[in-house]
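Going by this note's numbering, the sequence shown opens with residue 22, and the numbers climb by one from there.
Beta carbons are placed, not taken as given, at the ideal position from N, Cα and C, and that holds for glycine.
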Amino acid sequence: MQRLDAFARHSDEPGRITRLYLSPAHKSAARELCGWMREAGMRTSIDALGTVTGRYESSPAGAPALLIGSHIDSVRDAGRFDGTLGVLAGLTAVEELARAGEKFPFAIEVVAFGDEEGVRFPDTFAGSRALAGIFDAAALAGEDANGISLREALITFGCDPTRIADIPRKRNDVLAYVEAHIEQGPVLESENLPLGIVTAINALKRLSVTVEGEAGHAGTVPMGMRRDALAAAAEMVLAVEKIAAAAGDVVATVGQIETVPGAVNVIAGMTRFTIDVRATGDAARDATVERIEQAIRAIAERRRVTVDLKVNNRTPAAACSPLVIRGLSEAIARQGIAVRMLPSGAGHDAMIVAALCPVGMLFVRCRGGISHNPAESISIEDADMCVRVLLDYIRHFDMSACRA
Ligand code: HGY
Ligand code: MN
Ligand code: MN
């Protein structure tokens, strides 16, 4: 818990936690994490996309690894537990093993991805996609709000984009990936449970929409003659909300909107906003995006504005591995805790690593289910139980079952 507080110091914005991919805060966080990992007897590395890995060697050396990790980037004005908890819980478990001199016939690698939130660049999951061998090099051209491309940001961070090809792990070098993460929802708290096990992670799709109208004088252009890009976007945002609400097990969010020129007495000429759609399955996700796109085009037509939609990320729903689910269930049961399975509405690196090897997730109760908010919080007892379950899982890990 002290480390989670210390980590909160690595922020790009004073007075709140904002740690974007490849930012100075990400760099200082990665450096501090490497220090802690080395003190725990791990060999550390930072790959060409900024992913930090600490390896606790197997005995005998050179065996495949059980990966335990999460992400250390954050949203803007974030809490201190989303992502970082899973990395530090893995580190704490390894420290305990190192202290006891416990070694296993498999290695343990604690992995800290840097691009899970996808707040800075249009695409997301760069680190976990590369590790799983499904990184799309087109993402390197993606630019942040200041026009800096992912490629340039990597070079500034100290990475060499030409080494991205070295990142993908061979299937027989890894055994499984386990991610501990705050639930970011109210289920565990409402059932008085400290931990839960994730069954599957919802599908996601992210788009950016650009609406072009005509800038004009707010005082002189009659209402009927306007092609107001902001008013059109406002109607589109409400259509997104209405379509998702009517679709049942789907959620859709417009989290970001900007308008140009953004002056009190100028009719907006251009407005750009994002759409984030999640659903339990790929088909429901795609059907909802289709309906949203039709509604947006109809509104643009009626209001005589043009609209351009761009899909920035599409990630399929991912099922967690029954092998890992069983191992985590037995570990939780051995602590005398009821085993609660639940789906994840939030996206996680685990949904990407599932393309490489069996994955599983351990959810930790968080107060009020609050997340992506500085009020995010967990109890030290639940953090302790999370590490105990990880340790128990490691000590009972059946590597032969997870081998390629
Ligand atoms: O957006 C998400 O689902 C995750 O927090 N990145
Ligand atoms: Mn997260
Ligand atoms: Mn998050």
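DSSP bridge partner residues for L225 (one or two, in chain order): According to DSSP, L225 shares a beta bridge with R299 and T336.
For ligand 2, I want to know if A367 counts as a neighbour, meaning its beta carbon is within less than 7 Å of at least one of the ligand's heavy atoms. True, at least one ligand heavy atom lies under 7 Å from that Cβ.
Would you call I401 buried or exposed, if buried means 16 or more other Cβ atoms sit within 10 Å of its Cβ? Classification of I401: exposed, given that the 10 Å Cβ count is below 16.
Which stretch, first to last residue, makes up the alpha helix (DSSP H) that contains I278? Premise fails: I278 lies in the beta strand (DSSP E), I278 to V281, not in any alpha helix (DSSP H).
Three or more C-beta pairs under 8 Å: does that hold for the segment 70–89 against the segment 124–131? Counting C-beta pairs closer than 8 Å gives three or more between the segment 70–89 and the segment 124–131, which meets the contact rule.
Measuring CB atoms only, is the segment 357–365 touching the segment 249–263, in the sense that at least three cross pairs come out at less than 8 Å? With a cut-off of 8 Å, the segment 249–263 and the segment 357–365 do not count as touching, because too few Cβ pairs lie within range.
Helix or strand or just coil, what does DSSP make of H47? DSSP places H47 within a helical segment (H, G or I) once states are collapsed to three.
Quick one: grab the DSSP three-state call for A375. Three-state result, A375: coil.
Could you tell me whether the segment 86–100 touches the segment 26–38, using the rule of 3 or more Cβ pairs below 8 Å? A contact between stretches requires three or more CB pairs, one per stretch, nearer than 8 Å, and the segment 86–100 meets this requirement with the segment 26–38.
Relative to the C-alpha of E279, which residue among A289, L344, G381 and H369 is closest? Minimum Cα-Cα distance from E279 among the listed residues A289, L344, G381 and H369 corresponds to A289.
Going by the C-beta, is V96 closer than 7 Å to any heavy atom of ligand 3? Yes, ligand 3 has a heavy atom inside 7 Å of this Cβ.
Could you check the C-alpha separation between V275 and D329 for me, to the nearest Å? V275 and D329 have their C-alpha atoms roughly 16 Å apart.
C-beta atoms of I218 and L412 nearer than 8 Å: No, these two residues do not count as a Cβ contact at 8 Å.
Collapsed DSSP secondary structure at D329 in the structure displayed: Strand, per DSSP.
Where does I317 sit, in a helix, a strand or coil, going by DSSP? In this structure, I317 counts as helix in the three-state DSSP scheme.
Would you identify the three-state DSSP class for E256, choosing helix, strand or coil? Taken through DSSP and simplified to helix, strand or coil, E256 comes out as helix.
At a cut-off of 7 Å, would you count D103 as near ligand 5, judging by its Cβ distance to the nearest heavy atom? Only ligand 1, ligand 2 and ligand 3 can be found as ligands here, which leaves ligand 5 out of the picture.
Please classify V285 as buried or exposed, where buried requires at least 16 neighbouring CB atoms within 10 angstroms. Exposed: under 16 other Cβ atoms inside 10 Å.
Does ligand 3 have a heavy atom nearer than 7 Å to the CB of H238? Residue side-chain check: H238 keeps its Cβ at 7 Å or more from all non-hydrogen atoms of ligand 3.
Between the alpha carbons of L225 and A308, how many angstroms are there, rounded? Straight across, the Cα-Cα distance linking L225 with A308 is about 12 Å.
Touch check for the segment 326–346 and the segment 367–386: three-plus C-beta pairs under 8 Å? Segments in contact, yes.
Nearest-angstrom beta carbon gap, G75 and E130 [assumed within contact, 8 Å]: Between G75 and E130 the Cβ distance is about 7 Å, and since that is below 8 Å, they are a contact.
Short of 7 Å in beta carbon distance, which residues of its chain neighbour R184, apart from the five on each side in sequence? Order them along the chain. Once the five neighbours on either side are set aside, the close Cβ partners of R184 are A69.
Name the two residues that bound the continuous alpha helix (DSSP H) containing S149. According to the DSSP assignment, S149 belongs to the alpha helix (DSSP H) that extends over A147 to L152.
Measure the alpha-carbon distance for V310 versus G139 and round it to whole angstroms. Looking at the two C-alpha atoms, the distance is approximately 19 Å.
Short of 8 Å in beta carbon distance, which residues of its chain neighbour R172, apart from the five on each side in sequence? Order them along the chain. Excluding sequence neighbours, R172 sits near L161, A162 and P182.
First and last residue of the beta strand (DSSP E) that includes T274? Counting along the chain, the beta strand (DSSP E) containing T274 begins and ends at V271 to T274.
For the segment 186–198 against the segment 149–157, do three or more pairs of beta-carbon atoms, one drawn from each stretch, fall closer than 8 Å, so that the two count as touching? Flag = yes, the segment 186–198 and the segment 149–157 touch.
What's the gap between the Cα of R24 and the Cα of L109? Going from the Cα of R24 to the Cα of L109 covers about 8 Å.
Under 8 Å between C-beta atoms, does S44 make it to chain B? Judged by its chain identifiers, the structure shown contains no chain B, having just a single protein chain.
Going by C-alpha to C-alpha distance, which of F384, A61, A86 and H92 sits closest to V73? When only C-alpha atoms are compared, the closest one is H92.
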